[in-house]
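Below is one structure, written out as structure tokens, with a few remarks after it.
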Amino acid sequence: MTMNWQTPTGMTRRHFMQHLAGSSAAVTASMTMGNALYANAEELKKNHKSAILLWMGGGPATIDIWDLKPGAATGGPFRPISTSGDLQICEHMPMVAQQMHNLSVVRSMSTREADHNRGRYYMHTGFVPNPNIEHPSYGSVIAHETLDQRPELEIPPFVSIGGASAGPGFLGMAWAPFSVTSNGRIRNLEMKLEDSRLRERMYALEMIETGFAKRTRDVPAFEHAKVLKKTFDLMTSSQMEAFRVEKEPEEVKERYGTDGFGQGCLLARRLVESGVPFVEVDLGGWDNHNGIHNILKDNKLPQLDRAMSALMEDLEQRELIKDTVVIWMGEFGRTPRINQNAGRDHFARAWSCVVGGGDLKGGLAVGATNSDGTAVDTEPFSSEDLMTTVCKGLGISTEKTYTSKNGRPMKIAGGGKIISELV
Amino acid sequence: MSRFAPIALAAFLPLFADAADLVKPPQVAMIDQMIEQGWDSFEIKPAAVAEDEQWCRRVFLDIIGRIPTGEELGEFMEGSRHDRRRELVERLLHDDRYTEEYAGHWSTVWTNILIGRSGGNERGSMISRDGMQKYLRDSFARNKPYDTLVRELVTASGSTKPGTENFNGAVNFLVDKVNEEKAVLATSSTSRIFLGQQVQCTQCHNHPFNQWKQQMFWEFNSFFRQTRSLRRFVDGTRDIDHAELIDQDFAGEANQAEDALIFYELRNGLTKVAYPVFTDGTEIPKSGFVSDVNRREELATLMLDSEYLDKMVVNRMWSMFLGFGFTKPVDDLGPHNPASHPELLAELAKAFRASSYNLKDLITWITLSRPYGLAPVLGTSNEIDDPSIGEMPKFSRFYLRQMSAEQLYQSMIAATDAASSGSYEQQEQERRKWLSQFVVAFGTDEGDEATTFNGSIPQALMLFNGDLTKKATNTGRGAYIDRLASSGKSPVERLNYLFMNGLARRPTVNEKKVASALLRSRGGDEKEMLQDMWWAILNSNEFIMQH
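Protein chains in written order, with this note's numbering: chain A, 2 to 424; chain B, 11 to 557.
And the structure:
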């Protein structure tokens with residue numbers, strides 16, 4: 002790459018190039034490595050673990066999906082069916098049933114947050130909301146803990162597809178989720194400017210940035226510079242190919258389902274294959290206070306069944322499943338009691354999450370609720386426990402302690418315990 | 011009503027021996043003294059006073075929602091050194107040429123508070139975003155007292171959409187919050203937004219750590235049960251044209267309108283009864299007949315008597331100007347959530363009530379106060395004052411924060427005329443389309459949403475390469491850069507203007523060197539150099555931040 006650049010008056014060329022290296026020229030080296038990396042995706046997946054979180058916004062009724070109570074007053078109309086694992090699930094999930102050998106259901110989740118915002122925060126971070134500190138979410142933590150193993154990665158290490166994930170908290174904006182729509186199209190990616198001129202602009206920009214950060218000495222000014230660097234990397238990276246989900250064969254797209262969630266799951270697989278350590282795919286619409294069973298039967302469950310089963314099947318066929326932890330959860334479950342509007346309301350005391358892949362065992366039902374699903378009968382598990390177990394499945398130590406900027410020590414995943422049945 | 015509240019503020023009056031200070035309202039002195047006390051007790055020293063130009067940019071952004079133009083900065087600097095800050099606040103609040111922008115900015119802010127960033131954007135929504143904004147724009151343009159505004163929003167009936175019969179834009183606040191799920195959204199939004207009471211959890215159980223009980227939720231909820239939204243369709247179709255919010259007789263859940271009660275269920279399955287009772291325990295008659303008692307009217311009256319109303323708005327306004335409120339979150343007040351400056355919050359709330367809820371007075375007090383005028387510098391003498399890491403704010407410096415997406419848009423437009431020409435409606439459509447790219451929904455029934463305009467990569471990409479930046483940096487005939495290039499005396503003067511316009515300061519020595527290097531790189535084409543520099547300025551932390 003030729004640099005069509007002249008030294009500004011009053012600066013030595015060397016001084017000038019040092020400045021430039023700080024902002025943008027360093028990219029050149031990593032880009033070359035990046036190309037090699039993309040070609041060697043085969044090798045990459047053997048060395049690196051990733052996670053895909055299927056986030057069910059609104060709080061799905063796990064009593065109707067993963068932990069059925071046929072015959073109980075609270076049971077609802079759905080029947081359980083057998084699966085390829087050692088457990089039964091809902092009859093409206095026939096395709097996922099064939100993938101359960103790689104997935105386990107934790108049926109003894111018992112949490113306390115039954116408000117959407119609080120529940121979303123708690124399940125994403127392993128911490129209850131605290132107005133004085135923002136905790137980093139799953140994606141930020143896992144990206145932060147695994148990125149140094151993959152310096153070649155130019156795609157943001159935490160991608161959120163089709164919805165709003167939870168943020169980086171005290172880790173800073175450089176670890177924020179990169180939000181894209183499920184078609185993988187990224188707005189404003191192209192500048193259409195000569196490379197040399199873009200670099201010169203970046204240099205001028207860096208000069209303004211640095212001056213301001215030095216004058217104010219405040220955190221947001223410094224964070225901005227890190228984000229600019231990542232943005233520049235991304236604009237010039239060939240790894241962005243991974244987002245082009247439209248390049249998949251038609252039959253694959255159809256297997257996943259052509260709706261947003263299906264395409265989002267397919268995109269997640271492409272990203273994981275390219276070395277992205279954490280991908281979150283959102284499927285909202287589970288907040289079914291009214292007429293829940295028709296919505297589940299006719300709409301939500303078929304959509305979930307198709308995409309989730311396609312993802313699990315694909316990960317297995319591509320031998321990615323051993324290196325990819327899959328998590329399925331929402332902010333809470335829903336009341337066993339069916340309300341007067343034939344819906345179910347928020348309920349956190351006894352519900353289910355699903356995990357599998359990576360180093361975690363599949364095919365199991367872990368823990369149990371009582372006969373009508375109103376309480377947990379076995380050892381209860383929390384968000385902290387689940388997150389700790391997921392980290393274990395990814396080979397991330399949860400013994401590590403972050404020190405938040407005010408000096409408060411903070412364990413990853415809030416010091417939860419490993420769910421021993423799963424490891 | 012006097013601008014100078016008599017009782018609590020009297021203590022500060024003797025402080026004004028100096029004639030120059032007499033123009034400062036005593037409320038400003040009160041703020042300064044109480045904030046300074048905090049510095050003393052934490053043994054910290056505040057940052058220096060912000061540069062005048064920087065302060066000018068700050069106050070433009072906060073009061074009318076955009077940065078000043080180079081001309082406006084010049085006008086400000088021509089004012090007397092001792093009085094120019096007060097003059098500018100006065101001008102932005104009271105000069106006719108800013109009325110429209112003032113009303114537009116505060117309408118945007120309150121629209122987002124009342125119906126979210128996505129309210130009314132979806133097909134089939136009952137909300138008319140235009141109606142909400144029109145109502146608020148008119149209200150702020152006339153400087154409607156805050157208590158009147160609240161009363162109107164809480165009690166409004168009529169149609170949502172401008173141009174329809176019985177149009178009353180204020181109904182858009184409640185129109186999609188009353189029909190579903192027994193008006194729980196109307197309950198939680200009204201109490202949170204206007205009273206700082208977070209009650210959404212108490213719908214199902216007593217709150218674990220605030221004073222709210224489940225009974226209180228349903229009592230507050232009872233005030234909204236006469237209210238219904240009716241869909242009005244486009245003739246001959248099932249497409250919603252607009253909606254109407256009405257009050258009608260409520261028979262209660264026992265079907266007895268003289269004694270219109272509602273039921274709610276405890277967690278243990280027991281059923282209990284609730285009637286309208288305000289949070290302070292005041293009951294109103296139990297009849298559900300509108301002719302006997304209009305429950306929303308009663309609610310508004312009780313709300314306007316509540317000290318929480320005053321504290322909530324003062325806390326909200328303070329946080330909008332200073333970056334942090336006295337509490338975190340700003341809309342969660344009560345003994346369970348101690349304030350950083352409880353006395354100041356209480357006194358400012360009283361002063362605001364005493365000013366007859368004049369929002370422009372409140373803005374004046376805050377913007378002329380010492381903490382608002384400080385430099386945004388974290389120094390060794392105030393290192394502990396860092397609320398971003400969970401410390402209580404001490405307001406010993408101006409906290410850096412990012413502009414809102416709306417402020418950025420208006421600033422780009424104002425700085426460069428990047429908007430396409432067209433009617434107000436066309437421009438508003440364009441603005442809304444641009445803003446909608448940053449809104450992401452959480453998929454819940456409560457319409458929770460977040461913004462990706464948060465300093466992350468998508469935002470940076472938009473500023474690098476987006477259409478708005480392209481328009482702002484266009485060099486075509488008559489565009490901003492073109493006009494700039496043909497003005498002024500010298501390249502240096504034009505560069506100065508560019509920096510003044512974008513960053514409210516002159517370029518540093520290093521920045522000038524970069525510019526001259528760019529000029530040579532562009533083969534002496536000054537327009538292209540200015541374009542590169544302007545691009546860099548618009549993308550810088552210094553541009554995107556309020557500082």
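Ideal Cβ positions, reconstructed from N, Cα and C, are used throughout, including at glycine.
Everything numeric in this text was worked out from a predicted model, so none of it was measured.
Between which two residues does the alpha helix (DSSP H) harbouring residue i extend?
i        : result
B/Ile423 : Ala415 to Thr426
A/Pro221 : Val220 to Met236
A/Met330 : Unbroken run through A/Met330 is the beta strand (DSSP E), Thr325 to Met330; no alpha helix (DSSP H).
B/Asp477 : Asp477 to Ala482
B/Arg493 : Tyr490 to Ala495
B/Met142 : Arg139 to Ala151
B/Tyr318 : Glu317 to Leu332
B/Trp375 : Leu369 to Thr377
A/Tyr257 : Glu251 to Tyr257
What is the C-beta distance between residue i and residue j, in whole angstroms, given that I count them as a contact (C-beta under 8 Å)?
i        : j        : result
A/His93  : A/Leu316 : The pair is not a contact, with the Cβ atoms about 22 Å apart (cut-off 8 Å).
B/Gln420 : A/Arg188 : About 21 Å separates the two Cβ atoms, so there is no contact after all.
B/Thr170 : B/Asn153 : No, B/Thr170 and B/Asn153 are not in contact; Cβ-Cβ is about 24 Å, not under 8 Å.
B/Gly333 : B/Tyr409 : 4 Å
B/Leu271 : B/Ala284 : 7 Å
B/Ala514 : B/Leu83  : 6 Å
Just curious, the beta strand (DSSP E) that residue i is in, first and last residue?
i        : result
B/Ile41  : Premise fails: B/Ile41 lies in the alpha helix (DSSP H), Pro36 to Phe52, not in any beta strand (DSSP E).
B/Tyr274 : Ile272 to Glu275
A/Gly358 : Trp352 to Gly358
A/Met110 : Leu104 to Met110
B/Phe243 : Thr237 to Phe243
A/Trp56  : Ser51 to Met57
B/Glu254 : Ile250 to Asp257
Determine, using beta carbons only, whether residue i comes closer than 8 Å to chain A.
i        : result
B/Gly486 : no
B/Phe234 : no
B/Asn511 : no
B/Phe273 : no
B/Glu521 : yes
B/Thr197 : no
B/Asp458 : yes
B/His557 : yes
Counting only C-beta atoms, is residue i closer than 8 Å to chain B at any point?
i        : result
A/Met174 : yes
A/Glu281 : no
A/Leu425 : Not covered by the structure: residue 425 of chain A. The range shown for chain A is 2 to 424.
A/Tyr122 : no
A/Thr325 : no
A/Pro157 : yes
A/Ala214 : yes
A/Lys231 : yes
A/Gly58  : yes
A/Thr217 : yes
A/Arg202 : yes
A/Pro221 : yes
A/Gly258 : no
**Message:** Contact between the stretch 492–509 of chain B and the stretch 155–166 of chain A is defined here as three or more beta-carbon pairs at a separation below 8 Å; is this criterion met?
**Reply:** Judged by Cβ distances under 8 Å, the stretch 492–509 of chain B makes no contact with the stretch 155–166 of chain A, as fewer than three pairs qualify.
**Prompt:** Can at least three beta-carbon pairs, one atom from the stretch 313–324 of chain B and one from the stretch 350–364 of chain B, be found at a separation below 8 Å?
**Reply:** In short, these stretches touch, since the Cβ pair count reaches three.
**Message:** For the stretch 95–113 of chain B against the stretch 122–142 of chain B, do three or more pairs of beta-carbon atoms, one drawn from each stretch, fall closer than 8 Å, so that the two count as touching?
**Reply:** These segments do not touch.
**Prompt:** Are the stretch 210–229 of chain A and the stretch 536–554 of chain B in contact at 8 Å, needing three or more beta carbon pairs?
**Reply:** Yes, they touch.
**Prompt:** Is there contact here, the stretch 80–90 of chain A with the stretch 319–331 of chain A, by at least three beta-carbon pairs under 8 Å?
**Reply:** Not touching, per the Cβ criterion.
**Asked** Should the stretch 99–116 of chain A be regarded as contacting the stretch 64–77 of chain A, the criterion being three or more beta carbon pairs within less than 8 Å?
**Response** Judged by Cβ distances under 8 Å, the stretch 99–116 of chain A makes contact with the stretch 64–77 of chain A, as three or more pairs qualify.
**Asked** Using a Cβ cut-off of 9 Å, which residues of the stretch 266–299 of chain A contact any Cβ in chain B, in chain order?
**Response** Listed in chain order, the positions of the stretch 266–299 of chain A with a beta carbon within less than 9 Å of a beta carbon of chain B are Asp283, Leu284, Gly285, Gly286, Trp287, Asp288, Asn289, His290 and Asn291.
**Request:** Anything in the stretch 524–545 of chain B with a Cβ closer than 8 Å to a Cβ of chain A? List those residues in chain order, please.
**Result:** Result list: Val524, Ala525, Ser526, Ala527, Leu528, Arg530, Ser531, Asp542, Met543 and Trp545.
**Message:** By the 8 Å beta-carbon criterion, what residues does the stretch 133–152 of chain A contribute toward chain B?
**Reply:** Those residues of the stretch 133–152 of chain A placed with their C-beta closer than 8 Å to a C-beta in chain B are Asn133 and Ile134, ordered along the chain.
**Asked** Is the stretch 337–347 of chain A close to the stretch 409–417 of chain A, with three or more CB pairs under 8 Å?
**Response** Judged by Cβ distances under 8 Å, the stretch 337–347 of chain A makes no contact with the stretch 409–417 of chain A, as fewer than three pairs qualify.
**Message:** Contact between the stretch 155–166 of chain B and the stretch 112–119 of chain B is defined here as three or more beta-carbon pairs at a separation below 8 Å; is this criterion met?
**Reply:** Under the 8 Å Cβ criterion, the stretch 155–166 of chain B does not count as touching the stretch 112–119 of chain B, having fewer than three qualifying pairs.
**Request:** Report the residues of the stretch 281–300 of chain B with a CB closer than 7 Å to any CB of chain A, ordered along the chain.
**Result:** Residues are counted here when their Cβ sits less than 7 Å from a Cβ of chain A; for the stretch 281–300 of chain B the count is zero.
**Prompt:** On the three-pair Cβ rule with 8 Å, is the stretch 352–359 of chain A touching the stretch 330–337 of chain A?
**Reply:** The stretch 330–337 of chain A and the stretch 352–359 of chain A touch, with three or more beta-carbon pairs separated by less than 8 Å.
**Request:** Below 9 Å between beta carbons is the criterion; list the residues of the stretch 316–345 of chain B that meet it against any residue of chain A, in chain order.
**Result:** Hits within the stretch, in order: Thr337, Lys338, Pro339 and Asp342.
**Prompt:** Using 8 Å as the threshold, is the stretch 231–244 of chain B in touch with the stretch 193–200 of chain B, meaning 3 or more CB pairs across them?
**Reply:** Contact holds: three or more Cβ-Cβ distances are below 8 Å.
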